[in-house]
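Worksheet for the structure shown next.
Residue numbers (the numbering used here): 4 to 269.
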């Protein structure tokens, strides 16, 4: 309908000079409104105010522990350290003037755009069980943001590390979030630790290594804080990020629920 109407206007305008000017003005207005609409849509998308490769964290040996810092505020209230699944090796680095890193499609890595706001910043680094490595990162974050509450969030294989570090981090950070957790979450008693813990799982996670029943059991047996998600879409391998395992299609809702829980801690 619009195309046919457009051809009619131009055809009639060809017979009268005043219509030519009208048609040009109409096209100009449409173009301006079109650009305005595009600008509004782009502004509505979550974007990082700043993304930085940080290389100021060092082991005592001098070796650098790099991480990606995303933030909007110079004094965030919360900093969330992200541990991806799989091998967990992000290895952020500069190549030909660009920041490159692994696991961009992983749930916790791809959703940090929904985490970052005026109160929340994120740190993306290699998943680890090393107390020395995580302490090195913590020290660097605390130097930069001394008033921030620090949380750690792992997904899938990354929860092996968040659970393994739980005793060490009990009095060192505000809390931990375990998403799409490995089956061992069933025997994870978060209540024995001083800090806060949250278990988040999709009801229809189809990955054999991360059954929903294990996450639910940890809540029922130990009283661990628990969020069960539903909805979204599952595509391909059930253990990959585009399945329910990666909260595909409900990423923003999942992150909003996690952030709400974090804020409840003060």
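We put the beta carbon where it would ideally sit given N, CA and C, even for glycine. Quantities reported herein were computed from a predicted structural model and do not represent experimental measurements.
- Shortest Cα-Cα distance from residue 101 to any of 120, 74, 111, 55 involves 55.
- Under the three-state reduction of DSSP, residue 249 is assigned to helix.
- In the structure shown, residue 171 adopts helical secondary structure according to DSSP, grouped into three states.
- Our two residues, residue 268 and residue 217, have alpha carbons roughly 25 Å apart in a direct line.
- Listed as beta-bridge partners of residue 160 by DSSP are no residues whatsoever.
- Residue pairing for residue 230: DSSP places it in a beta bridge opposite 203.
- Straight across, the Cα-Cα distance linking residue 119 with residue 234 is about 23 Å.
- In the structure shown, residue 93 falls within a coil segment according to DSSP collapsed to helix, strand and coil.
- Separation of residue 135 and residue 147 (C-alpha to C-alpha, rounded to the nearest whole angstrom) is 19 Å.
- For the pair residue 90 and residue 183, the Cα-to-Cα distance works out to about 15 Å.
- In this structure, residue 158 sits away from residue 70, with a CB-CB distance that is not shorter than 8 Å.
- Remark: three or more beta-carbon pairs, one from each stretch, lie closer than 8 Å, so the stretch 203 to 217 and the stretch 242 to 250 are flagged as touching.
- For residue 180, the enclosing beta strand (DSSP E) covers residues 178 to 182.
- In the three-state scheme derived from DSSP, where H, G and I count as helix and E and B as strand, residue 215 is classed as helix.
- Listed as beta-bridge partners of residue 53 by DSSP are 74.
- Nearest Cα to residue 180 within the set 195, 153, 190: 153.
- The secondary-structure analysis by DSSP pairs residue 102 across a beta bridge with 97.
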